[in-house]
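Colleague: One structure coming up, written as structure tokens, with questions to follow.
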Amino acid sequence: MEKPATPNALPQDKNGSTQKRKLLSAQELISQYESQGLDSQQASIKVIEELQSALFRVISSGRNRKDKLMIETSKKIDATNARLAVLDMKVDSKPGFGETFAIGVASGVTLKGIGSVMPHVLEGLAQIWGKYFSPKPKSSSSGKKQARMKYCEDPDVMIEILRRLPLKSLLRSRCVCKWWNHLISEPLFISNYTLCNPQHQVSGFYMQTFLFLSMNPELRFIPCTDQIDAAPSPSLSFIEDENGVCINHSCNGLLLCSSFRCCLEEERKYYICKPTTRQYKPLPRPACNTVNGISIAFDPKRSPHYKVICICGHDLLAKHCQIKIYNSYEGCSWRDSGNPFVVLDEFLFNRGVFWKGALHWVGKGKFSLGFDVERELLFTTPMPPILEGWAERRLGYFGESGGHLYLIEIYGPQTTVFDVMEMSGDYSSWFVKYHVDLSGLAAQYPSMIRYNVQDIHRFVFSVLHLVHRNVGENEEEAILVLHIPGKLIPYNLRDNTLINDFDPSPHLMGMEENLGLSYRWESVHPFSNTVCYI
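For the sequence shown, the working numbering begins at 16 and goes up steadily by one.
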């Protein structure tokens with residue numbers, strides 16, 4: 016199809032000189048293109064392209080000038096292009112009504128911000144952009160649309176629109192303009208959005224292994240099913256630390272990291288980071304010589320603020336520990352919580368689990384330890400008895416999933432047979448939730464069998480994490496993620512079968528089967544892609 020003639024060419028007189036006349040308005044330009052056979056949308060896009068070209072020619076003509084107007088104009092044009100790129104990305108993703116309306120608002124704000132620089136050009140551009148989203152200005156609904164756009168200046172209306180966006184679209188919307196970024200960053204908005212869009216399931220989990228002579232540990236992120244778009248980058252290179260960075264703990268979308276290779280504890284630095292937005296904040300170092308464990312407590316459904324709980328060894332009293340708390344709401348310093356307490360059993364303070372508003376540390380004796388973060392109270396919970404004939408507890412997994420606290424202990428002689436236990440809501444006892452038999456799995460994957468060894472060491476596997484996923488409107492299924500040499504296996508706990516539609520093994524590319532197991536549950540950090548800002 017031939018390209019239509021440009022309708023705004025200036026007429027010439029008989030002598031060939033150009034006659035001066037008033038520039039056509041945006042509506043007139045569109046009308047002329049429509050008279051040549053283009054529909055309203057095509058005509059609008061055509062005029063936008065021409066006005067953009069004219070605008071850039073004006074800017075380019077002033078490149079050799081030193082005046083301040085051209086410099087400021089170029090900066091604003093660059094900012095406009097960046098915002099339009101975000102809008103193009105949203106249009107390509109076929110947004111719904113709420114997102115489409117939001118795009119129109121953003122475009123209006125963008126154009127209005129530059130209108131003070133070149134009003135004679137951008138006024139027409141703003142009219143065309145409005146026609147692009149409402150290509151029938153003569154319809155009876157045009158007045159309603161104009162009235163609807165007036166609501167864009169009302170922050171309450173915009174908050175209601177943004178609150179209904181999916182999480183991925185909401186995070187992108189922060190790049191549209193400063194006003195949107197400010198609205199989305201408000202603690203009250205974050206709290207309300209979290210209540211309306213609760214994240215009961217993890218988006219995936221980080222797996223961390225420490226390599227000899229490597230400045231940073233090796234990180235892999237395993238996305239859970241239906242959460243691929245929410246996967247953050249596995250790299251923490253955006254945190255600037257000359258000693259490298261490793262993950263200490265994770266909780267509801269926030270990571271607690273620290274310096275990796277430090278000869279002295281006083282050289283270690285701690286950070287709170289949000290990997291999806293690449294934000295991080297250095298924390299002051301706790302005033303103690305020994306850090307037995309450090310964990311983060313964050314519940315976005317209750318508060319946009321987080322707390323960091325540090326278990327410090329007491330400098331004067333043997334077998335005593337002191338809890339220190341850093342509160343993001345209170346300021347930038349640590350404070351003691353309560354008095355030093357005696358530690359007689361062995362607890363995994365470096366592997367805290369946040370559940371029901373408390374941090375829990377599994378014990379290898381008769382009790383586990385809990386700490387109510389809000390009331391700042393320590394309490395103990397019972398552990399199941401150690402299996403008869405065994406001198407020590409054999410922990411296979413301890414973690415939270417789907418609002419439940421789980422424990423796995425693997426004894427023998429058949430290590431492929433074990434129970435998944437769940438803590439009761441009143442902390443009174445553990446009960447068997449699932450019974451697991453991996454004998455069939457071992458027959459299907461010979462790489463997990465070793466011969467000429469004791470039965471207790473015959474089967475090579477480890478439990479990495481227990482995750483929940485939706486299989487219906489009101490139904491969930493529990494998946495046990497197993498690690499065998501060179502592969503991850505998703506195992507359905509409800510019917511003791513393998514899951515075919517969830518294969519995380521491609522994320523283990525480069526791992527050889529003969530290297531054995533590279534990960535255990537202690538090196539896995541679940542991650543939920545929630546709305547939170549540091």
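Beta carbons are placed, not taken as given, at the ideal position from N, Cα and C, and that holds for glycine.
Predicted model only: the values in this text are computed from it and were never measured.
Could you check where the beta strand (DSSP E) with residue 314 kicks off and where it finishes?
Modeller: Premise fails: residue 314 is in no beta strand (DSSP E) and is neither H nor E.
Colleague: Please state whether the Cβ-Cβ distance between residue 298 and residue 344 is less than 8 Å.
Modeller: no
Colleague: Once DSSP output is grouped into helix, strand and coil, what is the label at residue 302?
Modeller: coil
Colleague: Could you tell me whether the Cβ atoms of residue 223 and residue 540 are closer together than 8 Å?
Modeller: yes
Colleague: Alpha carbons only, please: which of 288, 346, 263, 499 is nearest the one belonging to residue 461?
Modeller: When only C-alpha atoms are compared, the closest one is 499.
Colleague: Which residue marks the beginning of the alpha helix (DSSP H) containing residue 193, and which one marks its end?
Modeller: 193-200
Colleague: In the DSSP assignment, what residue or residues form a beta bridge with residue 544?
Modeller: DSSP output for residue 544 lists no bridge partner at all.
Colleague: Is the Cβ-Cβ distance between residue 367 and residue 310 less than 8 Å?
Modeller: When the beta-carbon positions are compared, residue 367 and residue 310 come within less than 8 Å of each other.
Colleague: Expressed to the nearest angstrom, what Euclidean distance is found between the alpha-carbon atoms of residue 542 and residue 325?
Modeller: 21 Å
Colleague: If we count Cβ pairs, one from each stretch, closer than 8 Å, do we get three or more for the stretch 441-454 versus the stretch 392-411?
Modeller: yes
Colleague: What are the start and end residues of the alpha helix (DSSP H) that includes residue 454?
Modeller: 454-459
Colleague: Candidates 273, 491, 357, 199: which alpha carbon is nearest residue 301's?
Modeller: 273
Colleague: According to the Cβ coordinates, are residue 238 and residue 270 closer than 8 Å?
Modeller: no
Colleague: Which complete beta strand (DSSP E) runs does the stretch 386-432 hold, if anything under 3 residues is left out?
Modeller: As far as the stretch 386-432 is concerned, its whole beta strand (DSSP E) runs of at least 3 residues are 392-397, 410-416, 419-424.
Colleague: Assign residue 506 to one of two classes, buried (16 or more other C-beta atoms within 10 Å of its C-beta) or exposed (fewer than that).
Modeller: buried
Colleague: Starting from residue 172 and walking both ways along the alpha helix (DSSP H), at which residues does that stretch end?
Modeller: 170-178
Colleague: Can you tell me whether residue 338 is buried or exposed, with buried defined as 16 or more other CB within 10 angstroms of its CB?
Modeller: By the 10 Å Cβ count, residue 338 comes out buried.
Colleague: By how many angstroms is the C-alpha of residue 235 removed from the C-alpha of residue 465?
Modeller: If I take the Cα positions, the gap works out to 27 Å.
Colleague: Taking the straight line between their C-alpha atoms, what separation do you get for residue 65 and residue 45?
Modeller: 11 Å
Colleague: Is the beta carbon of residue 322 less than 8 Å from the beta carbon of residue 358?
Modeller: no
Colleague: Suppose you measure from the CA of residue 170 to the CA of residue 194; what does that come to, to the nearest Å?
Modeller: 9 Å
Colleague: With a Cβ-Cβ cutoff of 8 Å, do residue 315 and residue 471 count as a contact?
Modeller: For the 8 Å CB-CB criterion, residue 315 and residue 471 do not form a contact.
Colleague: Can you say whether residue 478 is buried or exposed, counting buried as having 16 or more other CB atoms within 10 angstroms of its CB?
Modeller: buried
Colleague: Indicate, with yes or no, if the ligand NAD has a heavy atom lying under 7 Å from the CB of residue 260.
Modeller: Of ligands this structure carries none, so the ligand NAD is not represented either.
Colleague: Among 385, 388, 423, 380, whose alpha-carbon lies nearest the alpha-carbon of residue 406?
Modeller: Nearest in C-alpha terms to residue 406, of all of 385, 388, 423, 380, is 380.
Colleague: Can you grab the Cα-Cα spacing for the pair residue 422 / residue 536, in whole Å?
Modeller: 11 Å
Colleague: Could you check the C-alpha separation between residue 280 and residue 327 for me, to the nearest Å?
Modeller: 12 Å
Colleague: Please return the same chain residues whose Cβ sits closer than 7 Å to the Cβ of residue 426, not counting the five positions on each side in sequence.
Modeller: 402, 405, 409
Colleague: Rounded to a whole number of angstroms, what is the C-alpha to C-alpha distance between residue 394 and residue 386?
Modeller: 6 Å
Colleague: What's the C-alpha gap between residue 508 and residue 453?
Modeller: 11 Å
Colleague: To the nearest angstrom, how far is it from the Cα of residue 180 to the Cα of residue 174?
Modeller: When rounded, the distance between both Cα atoms is 10 Å.
Colleague: Where residue 418 and residue 285 are concerned, what is the direct C-alpha to C-alpha distance, given to the nearest angstrom?
Modeller: Their backbone Cα atoms lie some 28 Å apart in a straight line.
Colleague: Tell me the DSSP secondary structure of residue 325 in three-state form.
Modeller: DSSP places residue 325 in strand when its eight states are reduced to three.
Colleague: Name the DSSP bridge partner or partners of residue 373?
Modeller: Beta-bridge analysis with DSSP links residue 373 to 370, 387.
Colleague: What is the rounded straight-line gap between the Cα of residue 392 and the Cα of residue 353?
Modeller: 8 Å
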